[in-house]
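This report refers to the structure that appears directly beneath it.
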Amino acid sequence: MADTKVASPPPPPAMTPGKIAMSRSLGAAFLAHQVEQLEKTVDARSGYAPRGRNNGRRPPNTNNNNYNGRGPKIAVRGGGFTPARQERNEKDADIVVVDASVLIHALGQVKKWCREGREEIIIVPLEALNTLDLLKKGTSVLAQRARAASRALEAQVGVNPRMRVQQDNAFVLWDSINLAASPEGETVQPAPEWLRRTICCAQYEATETGKVDEKKPKVIFATLAHAPVLPRAPSPPNTGDSPVPLPVPQANKHEPRATGVLVSYWARRAGLTVHPVEPSAEPGPYTNGHAPTYGNGTANGNRRHSSSEEESRPNTQRGPPRRRIVTAPDTAEKTRPLVERPPAVKAMMDSVAQPSRAIRVLARGEKLEP
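Residue numbers for the sequence shown follow the numbering used here, beginning at 5 and rising by one.
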């Protein structure tokens, strides 16, 4: 048999001195990187500051009163928590029944109760939802605030387990409530139906909820402390160029529901614990068309909320600044309406604009005096 020859592998090519030096430098850099990562991991677990430039450690932030100089920040004895955390830990009550006036004019307080870490259970009466539906139509400031409150409830109900809507059977009869006597000589109008339903819901939470639990919970009825003065909605542009006089804007007949005056009066007579809430300082309407962020920090309540310091910080515009558009001064061509009004229409509008001027209607056959 013929001997089979096995081909031996070729010898590896000899490395040049340049490649050897490059390999050594890459290996040294890799080891230095691994050592730096291990040092950062050890420093993070032990609580020491990581290494900065020039292989030196950055001094820890000692401005906070809770830092003791030995590792992570801890709460000192005697209450070393920040005011924001103390505010979150405070609990106004176990159950909070909110009125429609609070939802409209004090939405910021409702956001605080909805935050993560709070323990209050918020009950929204069904009549409060009806009030929002009646007030959210139109372009007034009150309508815009009612729409903002509706968006806030839609984002929280079903996501936040502490935000609840009144059940259909969660009420007591109005006749079963023992009302305190009104002061002598005071003329009191009978309570309207919408007010009775709101008081009956709050009375149910105050009386029936404690029967199930061994410990009676603290129930408060949140109403508006005082009705704020709403700014008037801006008139549409080119109002004076209309060929006919525009109708005078009428106030909504359901506006008394948003003041909280009647609700507070009858709630005290019913023996409820009234919790007055100051109106929010921030403007209620949201003209940008986006749902407000509240509760957990987002509209859907999925992310964690931000601290009170971040919320009090004014919103800054992100991205490159917009270029300002320089407009030309007002000229006759700019203010000139697109449709010319006839002289007769102008005379009619001038006469209507003067309420003190008397207009006499001629009878049939009567002639004007020369």
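In this text, a Cβ means the ideal position worked out from N, Cα and C, and glycines have one as well.
Point to revise | Option nearest Pro187 by Cα separation, candidates Ala147, Arg272, Glu43 | key: Here residue 187 refers to the residue found at position 183 when the sequence shown is read from its first residue. Minimum Cα distance to Pro187 is reached at Arg272.
Check your understanding: Can you give the Cα-Cα distance for Phe34 and Leu42, rounded to whole angstroms?
Key -> Mapped onto the sequence shown, residue 34 falls at position 30. Mapped onto the sequence shown, residue 42 falls at position 38. The alpha-carbon atoms of Phe34 and Leu42 are separated by roughly 13 Å.
Review point. Once you ignore the five residues that flank Tyr208 on each side, which residues in its own chain have a CB closer than 6 Å to its CB?
Key: As a first step, residue 208 is located in the sequence shown; it is residue number 204 there, counting from the start. Cβ within range, chain order: Ala174, Phe175, Val176.
Point to revise | Under the three-state DSSP convention, the category Thr297 falls into | key: Reading the sequence shown from its first residue, position 293 is the one you call residue 297. Since pLDDT at Thr297 reaches only 46, below the 50 mark, its modelled position is unreliable, and the value read off the structure follows with that caveat. The answer is coil: DSSP assigns Thr297 none of H, G, I, E or B.
**Study point:** Length of the line joining the Cα atoms of Lys140 and Pro221
**Key:** Position 136 of the sequence shown, counted from the first residue, corresponds to residue 140. Position 217 of the sequence shown, counted from the first residue, corresponds to residue 221. Roughly 34 Å between the two C-alpha positions.
Review point. So, helix, strand or coil for Thr135, using DSSP?
Key: Within the sequence shown, the letter at position 131 stands for residue 135. Thr135 falls in the helix class under three-state DSSP.
Exercise for review: Output the distance between the C-alpha atoms of Pro129 and Val349, rounded to the nearest integer angstrom.
Suggested key: In the sequence shown, counting from the first residue as 1, residue 129 sits at position 125. In the sequence shown, counting from the first residue as 1, residue 349 sits at position 345. Their backbone Cα atoms lie some 51 Å apart in a straight line.
Review point. What is the residue span of the alpha helix (DSSP H) that His380 lies within?
Key: Lying before the first or after the last residue shown, residue 380 is absent from the chain, which here runs from 5 to 374.
Review point. Where does Leu35 sit, in a helix, a strand or coil, going by DSSP?
Key: The sequence position of residue 35 within the sequence shown is 31, counting from 1. Three-state result, Leu35: helix.
Exercise for review: Can you tell me which of the three DSSP states Ile108 falls into?
Suggested key: Start at 1 with the first residue of the sequence shown, and residue 108 comes out as number 104. Reduced to three states, the DSSP call for Ile108 is helix.
Practice item. Inspect the beta-carbon positions of Ala210 and Val223 and report whether they are closer than 8 Å. Key: Position 206 of the sequence shown, counted from the start, is the residue given in the question as residue 210. Position 219 of the sequence shown, counted from the start, is the residue given in the question as residue 223. Yes, the Cβ-Cβ distance between Ala210 and Val223 is below 8 Å.
Point to revise | Sub-8 Å separation of Gln160 and Cys118 beta-carbons | key: Translated into the one-based positions of the sequence shown, residue 160 becomes position 156. Translated into the one-based positions of the sequence shown, residue 118 becomes position 114. Yes, the pair counts as a contact, with Cβ atoms nearer than the cut-off.
Check your understanding: Just reading off the beta strand (DSSP E) that Arg168 is part of, what are its end residues?
Key -> Your numbering for residue 168 matches position 164 in the sequence shown. Per DSSP, Arg168 belongs to the beta strand (DSSP E) from 167-169.
Practice item. Identify the continuous beta strand (DSSP E) that holds Val267 and give its terminal residues. Key: As a position in the sequence shown, residue 267 is number 263, starting the count at 1. From DSSP, Val267 is part of no beta strand (DSSP E) but of the alpha helix (DSSP H) over 265-273.
Point to revise | Expected contact under 8 Å - CB spacing of Glu131 and Trp178 to nearest Å | key: Start at 1 with the first residue of the sequence shown, and residue 131 comes out as number 127. Start at 1 with the first residue of the sequence shown, and residue 178 comes out as number 174. Not a contact, Cβ separation roughly 13 Å.
**Study point:** Cα-Cα separation between Asp354 and Leu372, rounded to whole angstroms
**Key:** Translated into positions along the sequence shown, residue 354 becomes position 350. Translated into positions along the sequence shown, residue 372 becomes position 368. Each residue's Cα considered, the two are about 21 Å apart.
Check your understanding: Going by the CB atoms, is the gap between Thr135 and His279 shorter than 8 Å?
Key -> Residue numbering aside, residue 279 sits at position 275 when the sequence shown is read from its first letter. Residue numbering aside, residue 135 sits at position 131 when the sequence shown is read from its first letter. No.
Point to revise | Helix, strand or coil at Val145 [DSSP, three-state] | key: For the purposes of this step, residue 145 is taken as residue 141 along the sequence shown, with counting starting at 1. Correct three-state label for Val145: helix.
Review point. By Cβ distance below 6 Å, which residues in the same chain neighbour Phe225 in space, the five residues on each side in sequence not counted?
Key: Residue numbering aside, residue 225 sits at position 221 when the sequence shown is read from its first letter. These residues qualify, in order along the chain: Val101, Ala206, Ala271, Leu276, Val278.
Exercise for review: Name, in chain order, the residues that DSSP records as bridge partners for Glu120.
Suggested key: Mapped onto the sequence shown, residue 120 falls at position 116. Paired residues: Arg122.
Review point. What does DSSP give as the partner residues of Ile224 in its beta bridges?
Key: Counting from 1 along the sequence shown, the entry for residue 224 is found at position 220. The partner list for Ile224 (beta bridge, DSSP) reads Val100.
Review point. For Asn182, is the classification buried or exposed, using 16 other Cβ atoms within 10 angstroms of its Cβ as the cut-off for buried?
Key: Here residue 182 is taken as the residue at index 178 of the sequence shown, counted from 1. Exposed.
Check your understanding: With 16 as the cutoff for other CB atoms within 10 Å, does Val39 come out buried or exposed?
Key -> As a position in the sequence shown, residue 39 is number 35, starting the count at 1. That one is exposed.
Practice item. Per DSSP, which residues does Asn164 bridge with? Please list them. Key: Along the sequence shown, one-based indexing puts residue 164 at 160. Paired residues: Val161.
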